[in-house]
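Number of protein chains: 2
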Amino acid sequence: MAKGGIWMDREKISIYRIANEAGVSPATVSRVLTQNANVSEEKRKKVENLILKYNFSPNAMARGLTSSRSKIIGVLIPDIRNPFYAGLAVECERAAGERDYSLMLSNYMNDMKMEEQRLYKMVGQQIDALIIMGGRVDELITDNAYAERINRISDLMPVVITGKLEGGNCYQVNLDEINGMDQVMEYLYSNGHRHICMIGGKNDVESTQTKWIRYRSFLCRHGTRFCPYDVVETGDYSLESGYEAMNQMLESGRKLPSAIIAINDLTALGIIQSLREHSLRIPEDVSVVSFDNTFLAKTSVPRLTSMDYGYDQYGNALIETALGVLEGMEIPKRQIIPTELVIRDSCQKIT
Amino acid sequence: MAKGGIWMDREKISIYRIANEAGVSPATVSRVLTQNANVSEEKRKKVENLILKYNFSPNAMARGLTSSRSKIIGVLIPDIRNPFYAGLAVECERAAGERDYSLMLSNYMNDMKMEEQRLYKMVGQQIDALIIMGGRVDELITDNAYAERINRISDLMPVVITGKLEGGNCYQVNLDEINGMDQVMEYLYSNGHRHICMIGGKNDVESTQTKWIRYRSFLCRHGTRFCPYDVVETGDYSLESGYEAMNQMLESGRKLPSAIIAINDLTALGIIQSLREHSLRIPEDVSVVSFDNTFLAKTSVPRLTSMDYGYDQYGNALIETALGVLEGMEIPKRQIIPTELVIRDSCQKIT
DNA sequence: ACATTGCTTGAAACCGGTTTCTTGATATGG
DNA sequence: CCATATCAAGAAACCGGTTTCAAGCAATGT
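Protein chains in written order, with our numbering: chain A, 7 to 357; chain B, 7 to 357.
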């Protein structure tokens, strides 16, 4: 292997070079860089001019070596291709940027082996804090080694998770699924809907479970008897799964609901496709509401009424928790992100 | 500010600590870490056991300081929420991981000011190479400062772009849009389609321009007269834009084409929605083919026949070009990624 | 005029690795 | 059996910053 290669030969600019040219010591250059006050106006100007001239920015690795801070936050994501996570990642990046931090994203594709590997890679890269999104943490954790691994890392640096993990030093930032589902039901109910179906989701995903439970309890509270046929507990959160479920529902011959709750936007799109094929109009014939409020909800036809998770706030909370803990601040071990239903065109009032 | 905070107090494990416990010198520990051969089996075992015991991984910043390598590749992305870029990013991450590199993603949201800022942030973070996806580079570059900025960076480290930029030391990896469009036309033609429409795209995007040109030249070569009404040159690559365009086409009263080419998967979904609303079946009544082959193409109903860009190969090319150049290898200044039409269920043969 | 205080400044240590140089020990060869 | 090549392993320099420490110098107080 060509050791170094051509890129090593370029003359590197360092504080030594600057110090030399300015006729001061490296320490003084460093003082200028760190905004230290004790530098005479004359030398400061000299150094600042050279910094500008060479477009010099100090070597982050050398800096990090003394400060033990890389200014990088590691983020473990199940799959960035999932619009939900993509949206969240963008907000995290924004929030991190505002605090002068960079993000190192890592997709683990729901593969535990991969997650472990990426995890240690990032730890080796000296990330200052770790954010773990979605995935196994949300589910029932059967693998003890997993929890132990994460908890051990939470001993070394701030770890913020979007799921649940007891026994360690992790910080949780969770979505208010309970209130979210209640809002949806409230909205549909107040718009006159009495026959409401729910489609999609897997029964080992905690957030989905919560939605089902609140759906039922809402019906219960309003004196409506829960009909098991009204909930389709299968689906992999894909467009196709919504399409299939809706088709079956329509072809079962049972009475058409006035409103349908989709587990996410993609499932809602599938449901809409199926309804269209059966010559049903949305929202005139059937109202549809979904969760996640991804870009799909904004650009679909009709535009979807969808549950927004306040991604900006979510991103802020994740980043600020991580950095707050890093700085030794007192941060609650669990935070809840409020939800807000974004009303668009896929629901209609029943008179 | 609480200098350091609680995280500084944890006893850090370093090669010195390991060396001490193993009764060897730090240099020996380093030799074990770098797979250097000149270590006796006895000491190597001792050190390896301690490394395992403490789950030790060497400080990447200290390492990087001597090697001038951060093992991080910076990637500038217009918007990761775009499924096309998300898919590409995932492949880049995989390819980078295979070479033991990490990625630092940065979304610039098509904002030049932001792009500049993120750029210097990443350079300051000592990225080893830079990959710039999409955006301004693809378009007509009116801002000279932009090109100059990128080219100056290409003097400091390998820069790989997916667009065009002359005058500097950038490496290009482009999609074979020409062949891609030809394949689509060939496919439709060989399946008996003679009346083919094209929907979507903006006229200042180079890749879109190329598609339009090849579409026309194909028709020309096959003796079909080009009808300007058959190309809808408006649309922002969204679902809604496809929906609107298709609606207009259907309501214009003009003869329905037998096949429609959508500029991307999302536009195709909109087109399909519109067709469904007009009680047209896909592919029985109209065939639809699109570009990008995102996850939407796989999970939509019907599943879309879509142009695949060989994302894995694209990701490989981007990463390997960056790292190849970094290592001083001879790499062509421009590479073309082949395209391949993935046949699914949205097109039908006309008899 | 002399002691004290406050600022500016450079020298040097340090962060945690890698690498060169050197030494000492062992193996090879004539 | 001695000269030479080979290899293990430690000491020390180095990467490029930050920070402590001490020195030098001017201003202030008595």
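Note that beta-carbon positions come from the ideal geometry of N, C-alpha and C, so glycine has one too.
What you are looking at is a predicted structure, and each value in this text was computed from that prediction instead of being measured.
Thinking just about the alpha-carbon of each residue, which of the options is nearest to the one in residue i?
i	options	result
Asn-320 (chain B)	B:Ser-293, B:Tyr-235, B:Thr-168	The sequence shown places Tyr at residue 320 (chain B), rather than the Asn named in the question. Cα-wise, what sits closest to Tyr-320 (chain B) is B:Thr-168.
Gly-207 (chain B)	B:Phe-224, B:Gln-189, B:Val-238	B:Val-238
Gln-132 (chain B)	B:Met-163, B:Ile-19, B:Asn-42	B:Met-163
Asn-270 (chain B)	B:Leu-245, B:Glu-290, B:Ser-296, B:Leu-281	B:Ser-296
Ile-57 (chain B)	B:Ser-36, B:Ser-46, B:Ala-328	B:Ser-36
Met-139 (chain B)	B:Asn-61, B:Tyr-177, B:Arg-350	B:Tyr-177
Gly-186 (chain B)	B:Pro-308, B:Gly-174, B:Ser-213	B:Ser-213
Gly-103 (chain B)	A:Arg-100, A:Tyr-126, A:Arg-158, A:Val-30	A:Tyr-126
Gly-173 (chain A)	A:Val-166, A:Glu-154, A:Glu-183, A:Val-165	A:Glu-154
Cys-226 (chain B)	B:Thr-240, B:Met-191, B:Arg-260	B:Met-191
Tyr-317 (chain A)	B:Ala-101, B:Lys-59, B:Glu-183, B:Arg-87	B:Arg-87
Thr-327 (chain A)	A:Trp-218, A:Ile-12, A:Tyr-114, A:Ala-101	A:Ala-101
Gly-334 (chain B)	B:Arg-260, B:Ser-223, B:Ala-135, B:Lys-355	B:Ala-135
Leu-275 (chain B)	B:Val-165, B:Gly-248, B:Gly-130	B:Gly-248
Ile-159 (chain A)	B:Gly-330, B:Leu-94, B:Gln-254, B:Asn-61	B:Asn-61
Gln-354 (chain B)	B:Val-129, B:Ser-196, B:Ile-156, B:Tyr-22	B:Ser-196
Pro-234 (chain B)	B:Glu-246, B:Tyr-243, B:Arg-260	B:Arg-260
Ser-223 (chain B)	B:Lys-18, B:Glu-246, B:Gln-189	B:Gln-189
Asn-157 (chain A)	A:Ile-278, A:Ile-184, A:Glu-122	A:Glu-122
Tyr-114 (chain B)	B:Leu-329, B:Asp-85, B:Cys-98, B:Ser-258	B:Asp-85
Pro-64 (chain B)	B:Ile-205, B:Ala-95, B:Pro-32, B:Leu-324	B:Pro-32
Gln-254 (chain B)	B:Met-128, B:Asp-236, B:Lys-170	B:Asp-236
Measuring only between beta-carbons, confirm whether residue i sits less than 8 Å from chain A.
i	result
Gly-207 (chain B)	no
Phe-90 (chain B)	no
Ile-219 (chain B)	no
Ile-342 (chain B)	no
Glu-99 (chain B)	yes
Phe-297 (chain B)	no
Thr-240 (chain B)	no
Thr-327 (chain B)	no
Thr-305 (chain B)	yes
Arg-6 (chain B)	This structure cannot speak to residue 6 (chain B), because chain B is shown only from 7 to 357.
Leu-286 (chain B)	no
Leu-109 (chain B)	yes
Val-129 (chain B)	yes
Arg-87 (chain B)	yes
Tyr-114 (chain B)	no
Ile-12 (chain B)	yes
Which residue or residues does DSSP assign as beta-bridge partners of residue i?
i	result
Gly-80 (chain A)	A:Met-110, A:Leu-136
Arg-340 (chain A)	A:Gln-178
Glu-346 (chain A)	A:Asp-314
Val-166 (chain B)	B:Ile-137, B:Tyr-177
Ile-19 (chain B)	Answer is none; Ile-19 (chain B) lacks a bridge partner.
Ala-25 (chain A)	In the DSSP output, where bridge partners are listed per residue, Ala-25 (chain A) has none listed.
Ala-268 (chain B)	B:Ile-205
Step through the CB atoms of chain B and report whether any lies within less than 8 Å of the CB of residue i.
i	result
Lys-355 (chain A)	no
Asn-157 (chain A)	no
Gly-70 (chain A)	yes
Ala-66 (chain A)	yes
Arg-23 (chain A)	no
Met-252 (chain A)	no
Val-166 (chain A)	no
Gln-279 (chain A)	yes
Kindly list the residues whose CB is nearer than 6 Å to the CB of residue i, restricted to its own chain and excluding five residues on each side of it in sequence; keep chain order.
i	result
His-201 (chain B)	Pro-263, Ser-264
Leu-181 (chain B)	Tyr-315, Ile-343
His-284 (chain B)	Leu-256
Val-81 (chain B)	Leu-109, Leu-111, Ile-137
Ser-352 (chain A)	Ile-288, Pro-289, Val-294, Pro-308, Leu-310, Thr-311
Ala-28 (chain A)	Lys-52, Val-53, Leu-56
Can you find the residues in the same chain that come closer than 8 Å, C-beta to C-beta, to residue i, ignoring five residues on each side of it along the sequence?
i	result
Val-348 (chain B)	Asn-299, Ala-303, Thr-311, Ser-312, Met-313, Asp-314
Ala-66 (chain B)	Ser-76, Lys-77
Asp-106 (chain A)	Lys-77
Among residues of its own chain, excluding the 5 on either side of residue i, which ones have a beta-carbon nearer than 7 Å to its beta-carbon?
i	result
Leu-439 (chain A)	Lying before the first or after the last residue shown, residue 439 (chain A) is absent from chain A, which here runs from 7 to 357.
Val-38 (chain A)	Val-45, Arg-50, Val-53, Glu-54
Gly-198 (chain A)	Lys-355, Ile-356, Thr-357
Ser-306 (chain B)	Leu-275
Check your understanding: Which full runs of the alpha helix (DSSP H) of 4+ residues lie inside the segment 178-248 of chain B, going along the chain?
Key -> 183-196, 212-227
Point to revise | Segments assigned beta strand (DSSP E), at least 3 residues, entirely inside the segment 294-324 of chain B | key: 311-314
Check your understanding: Which full runs of the alpha helix (DSSP H) of 4+ residues lie inside the segment 28-73 of chain A, going along the chain?
Key -> 32-39, 47-60, 66-73
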